[in-house]
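Chains as they are written, first to last, in this note's numbering: chain Z, 45 to 391; chain H, 351 to 722.
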C-alpha cells in the first residue's frame, strides 16, 4: 500500500481507496478473479487480502455472470460488494444481473431493497492487450436507468470517486482507464475524502473552445489544449467523470464563454456518449452555439487488435482537427463568435 | 481394438423420497414434525394457494389482472418449502410461487398487486429481506448465492446464528449457466443455501425429456459437489423433510443442497399460454390423479383428522380471506405516476428533475408544447 502523501499512480489510488473503505466499513467486501494473493492482473487489489483477510477479499471461481449476480444478492442484505471484472470485455456475461437486477432492484421493490454495488473494470485500449481486452463500451451502461457510470482520469479522482462510488447507495459501474493506470503520479492523501459524483470537473480553464473528455483520452485532450494555447487559443477542458447521470450544466456554463464544443471519446461514435452530450447541448443551448458540436471518437469499427489500435484511438492530431473544425466554422451572420444580428438566445 | 484397464474414480447415487403415495397412503412412518396440526396447516394453505391461483386466473380472464403464472398442482412444493424457513432466513423466489409467498407472510393483495402491474406488490411488508419474485430465468439462483454469502459473512464477522438462503426455480432453469454457476460457487464456498427445483415436467412448451439429457435434475448438483435429493413434489411431507433436512445442515455450516421436487404443471405456463397446443389431454388427465391436495386430503381423512364438516368450515373461511384480500387490493389508492422516478435512485439526480416535472405536468394536463 502507498505511503501517506507520497505520489501514487491511478491504479495505486484505486488500491488505496479500496483499503480505506475495507478498513472503515465492515460491510465492504471485495471480490473477483485473481484479486487475492495475486492482487489482480493489474495489481489493483495488491496486498488487500493479506491485510483484510480472505473472508473480505475473495478470489472467486472463474464465472463473470456469477460475479455480477452474487453482488446483487449480497447488496440486498446490506453488504457493500465491490466486484472486479478482469477486463471490460468480459463484463457482458454479467449484463443480465447488472441491467435487469442491480439497476432495478430499488425500483421494483419500491425502495425495500437496494443494490449499493460497485462493479469495477479496467477499460479502454492502448496497452497492446489481447483481443477483447481493449473495449470502451460505457454507453451500454450509461443508457440504463438506475445505474451510475463513473470514469476517473487521475490518481486523485480515482481515489475520491471510488470512495464515493462505494459509499453511494446505488449501483455504480466504475471504469478504470488502464492505459493511464501508471501514466502519471500524484500525491493523494489517504484521508478518506470522497469527491462528488454527478459533477463534472473543469481541468483547464479557457474561453475559446470547450473540450469534453474522460478516461485516458483526457491526457491527449489536455495535450491538444496546450498546443492550441501556443496558437493563442485557450480551450476549457471538462471531464464529466460521472457519465451517468451527466452534469450537463458545467458543460453549458462553459459554452456560455466558448460557444464551441468538441467531445472526445475512445468509444465508437454511433450512439456513443458524444451523441448524448451533443444532443443535450443543442436542446438546452442551441442559441449559444457558434458551430456544430464536433465529435472526436474511435471509429465505428470493431476495436482493432493491437497492431492497428493506435490508428483507431483518437490522438492529439485528431482532437486538434476536431478543434480546428469547431473553431473555423462560420455561419451566416456569425463571425468569430460575434453575433451580427444581436439576437441573444436564452437557455 | 485395445481396451485400456480403467479404475473407478468416483461414483454417485441419487436417492428418492416419498412418504405419501399417489393414493395418499403412508409408504413409511411420517417424520416427527408432521403432527396433525402441521398436516392440517399444509392442507389448508395448499387450498388457499389454489384458491388464490383460481381467482387470479379468473381476474386475468376478465381483464382485471395481467399475465399470471398459476401454481396449480404444485402447491405442495411452495407450501412445504416456504413453511420450512424461519423468519430470518431469506427466500429467493422465481415467479411460480404463490404458495411459498403465502407461507412467507406475503399478503394476497401484494401478490395480486404485483401481477396487476404494480411494483408495490414486491414491497413485501412481512418478509422485508426476501428477494422479490424473479422473472429472468435462473438469475435468482445467483442472487441466492450472494444472499447466502451475506448470511455466512454476518455469522462469521458478527457472530449471529447462521441463517439460510433458499432459491427456487423450475426444471427449465437448470439448463442455464446461472444455475450451474450458482451451484458451483455454493459448493466451493460451502454457502448456507438450498436450491429447490420444481420439476413440473414442462418449461412452457418444452417437456422435461427435451430439456436435458440427464436422468435426474438432482444429479446436476453432483458436479458442483453438492448433495442432492429427488422427492415426490406432490407429497408435502417429503418436500418438507427434504427442505428441513437441507436447511438444518446448512445452518450447521455443512453447506448447500439441492432438492428436485417432481410435480406436474396442471395449468398453462401462464394465462398467456395455451398448453393444449403442445400437450395431450390424456397426459393432463393422468396427472390430475396424483395431485397434491387430494392426496393429503385422503390421508387426513383416513387418519380421522379431516371431515366434510371441517372442509365446509374451511371453504367458508378461505373464501372470506380471499374476498377481504380482493377488497384490499381493489381499494388501494393508485400510485402517483411520479413513483417511476421516486425509487430509481436513493436520491433523484438533478439531471432528472426536468423529466420528473414533465411527467407530473402531463398528468395534470398542463403540458405546454416544447421546452419554451
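Glycine included, every Cβ here is placed at the ideal spot set by N, Cα and C. These figures come from a predicted structure and were not determined experimentally.
Measuring alpha carbon to alpha carbon, tell me which residue in the options is nearest residue i.
{"i": "residue 395 (chain Z)", "options": "Z:173, Z:205, Z:217 and Z:200", "result": "Since the first residue of chain Z shown is 45 and the last is 391, residue 395 (chain Z) is not available in this structure."}
{"i": "residue 180 (chain Z)", "options": "Z:74, Z:298, Z:309 and Z:292", "result": "Z:309"}
{"i": "residue 423 (chain H)", "options": "H:663, H:509, H:614 and H:596", "result": "H:614"}
{"i": "residue 245 (chain Z)", "options": "Z:281, Z:100 and Z:251", "result": "Z:281"}
{"i": "residue 206 (chain Z)", "options": "Z:231, Z:162 and Z:248", "result": "Z:162"}
{"i": "residue 611 (chain H)", "options": "H:534, H:468, H:470 and H:589", "result": "H:589"}
{"i": "residue 500 (chain H)", "options": "H:431, H:700 and H:539", "result": "H:539"}
{"i": "residue 391 (chain H)", "options": "H:406, H:682, H:453 and H:440", "result": "H:453"}
{"i": "residue 545 (chain H)", "options": "H:520, H:707 and H:700", "result": "H:520"}
{"i": "residue 232 (chain Z)", "options": "Z:199, Z:239, Z:126 and Z:96", "result": "Z:199"}
{"i": "residue 204 (chain Z)", "options": "Z:65, Z:354 and Z:227", "result": "Z:65"}
How far does the beta strand (DSSP E) with residue i in it extend, from its first residue to its last?
{"i": "residue 309 (chain Z)", "result": "305-312"}
{"i": "residue 163 (chain Z)", "result": "162-167"}
{"i": "residue 75 (chain Z)", "result": "72-76"}
{"i": "residue 480 (chain H)", "result": "Neither: residue 480 (chain H) is in no beta strand (DSSP E) and is coded neither H nor E."}
{"i": "residue 341 (chain Z)", "result": "338-342"}
{"i": "residue 125 (chain Z)", "result": "124-128"}
{"i": "residue 100 (chain Z)", "result": "Run containing residue 100 (chain Z): none; DSSP gives neither H nor E here."}
{"i": "residue 192 (chain Z)", "result": "192-194"}
{"i": "residue 468 (chain H)", "result": "Segment: none, residue 468 (chain H) is in no beta strand (DSSP E) and carries neither H nor E."}
{"i": "residue 372 (chain H)", "result": "No beta strand (DSSP E) holds residue 372 (chain H); DSSP gives it neither H nor E."}
{"i": "residue 286 (chain Z)", "result": "286-288"}
{"i": "residue 328 (chain Z)", "result": "It is not in any beta strand (DSSP E) - residue 328 (chain Z) instead sits in the alpha helix (DSSP H) that spans 317-329."}
{"i": "residue 367 (chain H)", "result": "365-367"}
Can you tell me where the alpha helix (DSSP H) with residue i in it begins and where it stops?
{"i": "residue 506 (chain H)", "result": "489-508"}
{"i": "residue 660 (chain H)", "result": "658-680"}
{"i": "residue 94 (chain Z)", "result": "92-96"}
{"i": "residue 652 (chain H)", "result": "642-652"}
{"i": "residue 707 (chain H)", "result": "703-713"}
{"i": "residue 300 (chain Z)", "result": "292-302"}
{"i": "residue 361 (chain Z)", "result": "360-372"}
{"i": "residue 281 (chain Z)", "result": "Not the alpha helix (DSSP H): residue 281 (chain Z) falls in the beta strand (DSSP E), residues 279-283."}
{"i": "residue 408 (chain H)", "result": "386-411"}
{"i": "residue 356 (chain Z)", "result": "353-356"}
{"i": "residue 690 (chain H)", "result": "689-692"}
Answer with buried or exposed for residue i, where buried requires no fewer than 16 other C-beta atoms within 10 angstroms of its C-beta.
{"i": "residue 391 (chain Z)", "result": "Reliability fails at residue 391 (chain Z), whose pLDDT of 36 lies under 50, so the model's placement of it is uncertain and no value is given."}
{"i": "residue 104 (chain Z)", "result": "buried"}
{"i": "residue 638 (chain H)", "result": "exposed"}
{"i": "residue 362 (chain H)", "result": "exposed"}
{"i": "residue 550 (chain H)", "result": "buried"}
{"i": "residue 573 (chain H)", "result": "exposed"}
{"i": "residue 657 (chain H)", "result": "exposed"}
{"i": "residue 315 (chain Z)", "result": "exposed"}
{"i": "residue 667 (chain H)", "result": "exposed"}
{"i": "residue 67 (chain Z)", "result": "exposed"}
{"i": "residue 534 (chain H)", "result": "buried"}
{"i": "residue 705 (chain H)", "result": "exposed"}
{"i": "residue 59 (chain Z)", "result": "buried"}
{"i": "residue 374 (chain Z)", "result": "exposed"}
{"i": "residue 107 (chain Z)", "result": "buried"}
{"i": "residue 145 (chain Z)", "result": "buried"}
{"i": "residue 177 (chain Z)", "result": "buried"}
{"i": "residue 235 (chain Z)", "result": "exposed"}
{"i": "residue 51 (chain Z)", "result": "exposed"}
{"i": "residue 653 (chain H)", "result": "exposed"}
Only counting the same chain, and skipping five residues up and downstream in sequence, which positions put a Cβ closer than 6 Å to that of residue i?
{"i": "residue 578 (chain H)", "result": "568, 571 and 608"}
{"i": "residue 120 (chain Z)", "result": "157"}
{"i": "residue 369 (chain Z)", "result": "338"}
For residue i, which residues in the same chain have their Cβ closer than 8 Å to its Cβ, ignoring the five residues on either side in sequence?
{"i": "residue 442 (chain H)", "result": "480, 481, 484, 490, 491, 493, 494, 497, 515, 516, 517 and 518"}
{"i": "residue 663 (chain H)", "result": "none"}
{"i": "residue 141 (chain Z)", "result": "109, 112, 113, 115 and 116"}
{"i": "residue 371 (chain Z)", "result": "252, 253, 277, 304 and 335"}
Beta-carbon within less than 7 Å of residue i's beta-carbon, same chain only, minus the 5 sequence neighbours each way: which residues are those?
{"i": "residue 718 (chain H)", "result": "Annotation note: pLDDT 48 at residue 718 (chain H) (below 50); position unreliable, no value reported."}
{"i": "residue 649 (chain H)", "result": "370 and 374"}
{"i": "residue 434 (chain H)", "result": "590, 593, 594 and 597"}
{"i": "residue 448 (chain H)", "result": "399, 402, 403, 421, 428 and 461"}
{"i": "residue 618 (chain H)", "result": "624 and 625"}
{"i": "residue 300 (chain Z)", "result": "332"}
| request: Would you list, in sequence order, the uninterrupted beta strand (DSSP E) runs of no fewer than 3 residues that lie entirely inside the region 548-631 of chain H? | output: At a cut-off of 3 residues, the continuous stretches assigned as beta strand (DSSP E) that sit fully inside the region 548-631 of chain H are 578-582 and 607-612.
Could you give the uninterrupted runs of the beta strand (DSSP E) lying entirely in the region 210-269 of chain Z, keeping only those of 3 residues or more?
Segments of the beta strand (DSSP E) lying fully in the region 210-269 of chain Z: 216-221, 245-248 and 253-257.
Inset, instruction - Enumerate, from N- to C-terminal direction, the unbroken alpha helix (DSSP H) stretches of 4 or more residues contained entirely within the region 425-466 of chain H. - result: Within the region 425-466 of chain H, the complete alpha helix (DSSP H) runs of at least 4 residues are 425-434, 448-453 and 458-465.
* **Length-filtered (3 minimum) beta strand (DSSP E) runs lying within the region 511-553 of chain H** => 515-520 and 543-549, all fully within the region 511-553 of chain H.
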